[in-house]
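Here this note's numbering is used: the first residue of the sequence shown is 4, the next is one more, and so on. What follows is one structure encoded as C-alpha cells, with my remarks underneath.
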Amino acid sequence: MGKNKGEFGSRFGFIMAAIGSAVGLGNIWRFSYVAYENGGGAFLIPYFVALLVIGIPLLILEIGFGLRQRGSAALSYARLNRKWEWLGWWAPIVSFVLMTYYTVIIGWTLNYVVYSFGQSWGSDPDAFFYGKHLGLTSGIWDIGNIQLGVLIAVFLVWAINFIIIYKGVQSGVEKASKIFMPLLFVLMALVTLRGITLPGAMIGVNKFLTPDFSKLADARVWLAAFGQIFFSLSLGFGVMITYASYLPKKSDVVNNAFITGLGNSAFSFMVGLGVFGVLGYMAHSTGLPIENVVTQSIGLAFVAFPQAINLMPGFNTLFSLIFFGALAIAGLSSSISLVEAVVSNMMDKFNMERNKAVFVVCGIGFLGSLIFTTGAGLYFLDLIDHFNMQFGAALVGILECAAIAWVFKASKLRQWMNPISDFGVGRWWDSIVRYVIPFLLGYSVLSSAITELAEPYGGYPLSAQIMGWLIAVMLILIGKAIGSMNWSDQQLLCQEVE
Ligand code: PHE
Numbered sequence: 004m005g006k007n008k009g010e011f012g013s014r015f016g017f018i019m020a021a022i023g024s025a026v027g028l029g030n031i032w033r034f035s036y037v038a039y040e041n042g043g044g045a046f047l048i049p050y051f052v053a054l055l056v057i058g059i060p061l062l063i064l065e066i067g068f069g070l071r072q073r074g075s076a077a078l079s080y081a082r083l084n085r086k087w088e089w090l091g092w093w094a095p096i097v098s099f100v101l102m103t104y105y106t107v108i109i110g111w112t113l114n115y116v117v118y119s120f121g122q123s124w125g126s127d128p129d130a131f132f133y134g135k136h137l138g139l140t141s142g143i144w145d146i147g148n149i150q151l152g153v154l155i156a157v158f159l160v161w162a163i164n165f166i167i168i169y170k171g172v173q174s175g176v177e178k179a180s181k182i183f184m185p186l187l188f189v190l191m192a193l194v195t196l197r198g199i200t201l202p203g204a205m206i207g208v209n210k211f212l213t214p215d216f217s218k219l220a221d222a223r224v225w226l227a228a229f230g231q232i233f234f235s236l237s238l239g240f241g242v243m244i245t246y247a248s249y250l251p252k253k254s255d256v257v258n259n260a261f262i263t264g265l266g267n268s269a270f271s272f273m274v275g276l277g278v279f280g281v282l283g284y285m286a287h288s289t290g291l292p293i294e295n296v297v298t299q300s301i302g303l304a305f306v307a308f309p310q311a312i313n314l315m316p317g318f319n320t321l322f323s324l325i326f327f328g329a330l331a332i333a334g335l336s337s338s339i340s341l342v343e344a345v346v347s348n349m350m351d352k353f354n355m356e357r358n359k360a361v362f363v364v365c366g367i368g369f370l371g372s373l374i375f376t377t378g379a380g381l382y383f384l385d386l387i388d389h390f391n392m393q394f395g396a397a398l399v400g401i402l403e404c405a406a407i408a409w410v411f412k413a414s415k416l417r418q419w420m421n422p423i424s425d426f427g428v429g430r431w432w433d434s435i436v437r438y439v440i441p442f443l444l445g446y447s448v449l450s451s452a453i454t455e456l457a458e459p460y461g462g463y464p465l466s467a468q469i470m471g472w473l474i475a476v477m478l479i480l481i482g483k484a485i486g487s488m489n490w491s492d493q494q495l496l497c498q499e500v501e
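What follows is the structure in C-alpha cells.
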C-alpha cells in the first residue's frame, strides 16, 4: 500500500462509491437521449448485451486487478511489469481531462439550482441557456468572456471535490458516497414518479419502450450501446482499479461487479422512464409531436427540462430544485472518483502526501476548467470531449485486456478471485476478456477512426481539428513520459502482492 492511502470501512461503502462513480450525468441525460436516438425500446437489447458481455466482465477484471495488486492504476500496472506502467498513467490522464469539463457541467447544474427559484430562464429557456447563461460566441476561436456565474459554480464544484478527497478514503469518499447515493435515489425516484404521472406521459414512455427492431441491424446502434456502457460504468479510467485497491485484502470481487453493473443500469432505466414521461407531457401540452420536443443531450437537461417545468401544473420550483439538485449530486459522486484516481497515482509514484496531491490535482484541474467557462466553452467542451472519449477509453480497454488477461493471465486472476468472491466466474470469463472484448472494442475504435477520417467531427475549422488530434496524442505521450520516470519509493514496486 502507498502512503496513508486508507481503506473502505465496509463493503456497503465500497459499493456506494463504485455505484457513485458509475451513476453520473451520463445516466440521467445521456442514457435517455442515446436510447431514444438508437431505436427506443430496441436499444435496450444491445444495451443489455453490452452490459453482460463488456460491462460486467470488465468490471470484474478491473476490480479483481485493483484488489490483487493493491495500488493505484500506475502502481498496479507497474507491479505487473514496468513496461505497462504507462497504461496506468494514460487512463488517469484521460480521467483528468474529462474532469476539467465534467466539473463545468456540474457547475451548470448548480447554476440551474439557483435559477430554479422563480424559473429565471423565463419563457425561452433555449435563448437563456445559450445566451445569458453560456454567453455562447460565434465560433471556437472567438473566446468571449469568462461567465462569472459559471466560474463561481465551477470553483464551488472543485472546492467540494477538494474537501471530500482531502479527507481521505473512509471519511471522505466513502462517507460522501453513503450520503449521496441513497439521497440521489430518493430524489430521482421522485422525479420519475412525477414524470410518469403527468398527463400525456405515456406518449413519451411508449417512445422509450417501443422497440424499433430494424435498428438492430445498424452497427452504429451497437457501437452507441458499447460506448454508453463504457462511459457509464467508468471503465478504462483507472477508477475502479483505484477504488478496489482500497478494499480489505480478501473481499468479494464478482458479486460486487454484478451489483455495481446491474444497479447502474437499473438506475438509468428508471430515470429513462421519468425523463420520457416529462417529454411525453410536453408533447401533450404543446400539441407537438414528440420528435420535436426531444433535443440533443445537453439541451435535454438545460433546455427541454426548463421548458417542461414552465408548463407544469404545480410545484414547479420544487420539481426543478429536485431535478437539478439530483443532477449535481450524481455528477459530484462521479467527479470525486475521477479526482481520486489521479490523486492516488500521484501519491504512489511521487510518494506525495494526500493533502499535497489533492491540492496539486484540484488546483491544476480548476485552471484547466477555466477555458470551458468562457463564451467559447461549449465548443471546446464538445470538441475535447469527442477527442478524449472517442478513442481514449476504448483503447485503454483493449490494452487493459492485453495487460491483464494476456500478460498477467485471466485464468490466474480468476483462480485467485473466485475463492474470495461470493460466487465465482467460469472459464467463459477468460474467453470474454481475452478474445471477445478486445475484438468488439477494436471494431468500435476502427470504425470510429474511419468515420472520423471520412468526415471530421462537428464542422469545426481545421485548426481546431488539429488541436483535438494533438491533445489526443499528447495524452499518450504524457502517460509514456511519466510512466518511464523513476519511482521515489522503489520499495513500493517490489512489495509482495498476494
Ligand atoms: N460514469 C460517469 C457517468 O455516467 C462518468 C464517469 C466516467 C465517471 C469515468 C468517472 C469515470 O456520468
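Backbone N, C-alpha and C fix where the C-beta goes; we use that ideal spot for every residue, glycine too. Because the structure is a prediction, the values reported are computed rather than measured.
For this session: Flag this pair as yes or no: are the beta carbons of methionine 273 and alanine 307 separated by less than 9 Å?
Result: The sequence position of residue 273 within the sequence shown is 270, counting from 1. The sequence position of residue 307 within the sequence shown is 304, counting from 1. It is not a contact, given that the beta carbons lie outside the stated cut-off.
Exercise. At which residues does the alpha helix (DSSP H) containing leucine 282 begin and terminate?
Worked result: To locate residue 282, count along the sequence shown from 1; it is residue 279. Leucine 282 -> alpha helix (DSSP H) spans 257 to 289.
Exercise. When you compare each of Ala81, Met191, Asn358, Gly121 to glutamine 494 by their alpha carbons, which one comes out closest?
Worked result: Position 491 of the sequence shown, counting from 1, holds the residue named residue 494. Nearest C-alpha to glutamine 494: Ala81.
Exercise. Do phenylalanine 34 and tryptophan 161 have their C-beta atoms closer together than 9 Å?
Worked result: Here the question's residue 34 lines up with position 31 in the sequence shown. Here the question's residue 161 lines up with position 158 in the sequence shown. No, they are not a contact pair.
For this session: Give me the Cα-Cα distance between leucine 83 and alanine 94, rounded to the nearest whole angstrom.
Result: Within the sequence shown, numbered from 1, the residue matching residue 83 stands at position 80. Within the sequence shown, numbered from 1, the residue matching residue 94 stands at position 91. Computed Cα separation, rounded: 16 Å.
Exercise. Are the region 364 to 378 and the region 157 to 174 touching by the rule of at least three beta carbon pairs closer than 8 Å?
Worked result: yes
Exercise. Are there 16 or more other CB atoms within 10 angstroms of the CB of tyrosine 438, so buried, or fewer, so exposed?
Worked result: The residue you call residue 438 lines up with position 435 of the sequence shown. Flag for tyrosine 438 reads exposed.
Exercise. Do the CB positions of leucine 62 and leucine 238 come within less than 9 Å of each other?
Worked result: As a first step, residue 62 must be located in the sequence shown, where it is residue number 59. As a first step, residue 238 must be located in the sequence shown, where it is residue number 235. One thing to note: leucine 62 has its Cβ within 9 Å of the Cβ of leucine 238.
Exercise. Taking 8 Å as the line, does the beta carbon of leucine 28 fall inside it for any heavy atom of the ligand PHE?
Worked result: Here residue 28 corresponds to residue number 25 of the sequence shown, with the count starting at 1. Because some heavy atom of the ligand PHE lies under 8 Å away, the Cβ of leucine 28 counts as near it: yes.
Exercise. Beta carbon of glycine 58: closer than 8 Å to some heavy atom of the ligand PHE?
Worked result: Walking along the sequence shown from the start, residue 58 turns up at place 55. False, no ligand heavy atom lies under 8 Å from that Cβ.
Problem set entry | Beta-carbon proximity check, alanine 156 vs leucine 113, cutoff 9 Å | Here the question's residue 156 lines up with position 153 in the sequence shown. Here the question's residue 113 lines up with position 110 in the sequence shown. Yes. Within cutoff.
Exercise. Going by the beta-carbon positions, is the gap between serine 180 and serine 336 smaller than 9 Å?
Worked result: If you number the sequence shown from 1, residue 180 lands on position 177. If you number the sequence shown from 1, residue 336 lands on position 333. The answer is yes: Cβ separation under 9 Å.
Exercise. In or out: proline 473 buried (at least 16 other Cβ within 10 Å) or exposed?
Worked result: Counting from one through the sequence shown, the residue named residue 473 turns up at place 470. The question names proline, yet the displayed sequence has leucine at residue 473. Flag for leucine 473 reads exposed.
Exercise. Which one of Tyr104, Leu384, Ser254, Gly264 has the shortest CA to CA distance from methionine 50?
Worked result: Taking the first residue of the sequence shown as 1, we reach residue 50 at position 47. Note that residue 50 is tyrosine in the sequence shown here, rather than methionine. Ranking the options by Cα distance to tyrosine 50, first place goes to Gly264.
Problem set entry | Reduced DSSP secondary structure (H/G/I, E/B, other) of isoleucine 146 | Position 143 of the sequence shown, counted from the first residue, corresponds to residue 146. The three-state reading of DSSP puts isoleucine 146 in coil, since its state is none of H, G, I, E or B.
Problem set entry | Inter-residue spacing [alpha-carbon to alpha-carbon] between leucine 444 and aspartate 425 | Here residue 444 refers to the residue found at position 441 when the sequence shown is read from its first residue. Here residue 425 refers to the residue found at position 422 when the sequence shown is read from its first residue. Spanning the two alpha carbons is a distance of roughly 29 Å.
Problem set entry | Contact check, alanine 333 vs methionine 243, beta carbons under 9 Å | Counting from one through the sequence shown, the residue named residue 333 turns up at place 330. Counting from one through the sequence shown, the residue named residue 243 turns up at place 240. Going by beta carbons, alanine 333 and methionine 243 fall outside the 9 Å limit.
For this session: Per DSSP, which residues does glycine 43 bridge with? Please list them.
Result: Residue mapping note: residue 43 aligns to position 40 of the sequence shown, counting from 1. Answer is Pro214.
Exercise. Using a threshold of 8 Å, is the CB atom of alanine 333 nearer than that to any non-hydrogen atom of the ligand PHE?
Worked result: Residue 333 sits at position 330 when you count from the first residue of the sequence shown. Yes; taking the cut-off as 8 Å, the Cβ of alanine 333 has a heavy atom of the ligand PHE nearer than that.
Exercise. Does DSSP put threonine 377 in a helix, a strand or coil?
Worked result: Here residue 377 is taken as the residue at index 374 of the sequence shown, counted from 1. Strand, per DSSP.
Exercise. Glutamate 294: buried (16+ other C-beta within 10 angstroms of its C-beta) or exposed?
Worked result: In the sequence shown, residue 294 corresponds to position 291, counting from 1. It counts as exposed.
Exercise. Quick one: is threonine 195 buried, meaning 16 or more other Cβ sit within 10 Å of its Cβ, or exposed?
Worked result: The residue you call residue 195 lines up with position 192 of the sequence shown. Classification for threonine 195: buried.
For this session: With hydrogens ignored, establish whether the beta-carbon of serine 424 is closer than 8 Å to any heavy atom of the ligand PHE.
Result: Working through the sequence shown from its first residue, we reach residue 424 at position 421. Every heavy atom of the ligand PHE is 8 Å or more from the Cβ of serine 424, so no.
Exercise. Between the beta-carbon of serine 248 and the beta-carbon of lysine 8, is there less than 9 Å?
Worked result: Locating residue 248 in the sequence shown gives position 245, where the first residue counts as 1. Locating residue 8 in the sequence shown gives position 5, where the first residue counts as 1. Note that the C-beta distance between serine 248 and lysine 8 is below 9 Å.
For this session: Below 7 Å CB to CB, which residues in the same chain sit around tryptophan 536 once its five sequence neighbours on both sides are set aside?
Result: Outside the shown range of the chain, which is 4 to 501, sits residue 536, and nothing can be said about it.
Exercise. Cα separation between asparagine 358 and alanine 344?
Worked result: Position 355 of the sequence shown, counted from the start, is the residue given in the question as residue 358. Position 341 of the sequence shown, counted from the start, is the residue given in the question as residue 344. If you take the alpha carbons of asparagine 358 and alanine 344, they lie about 14 Å apart.
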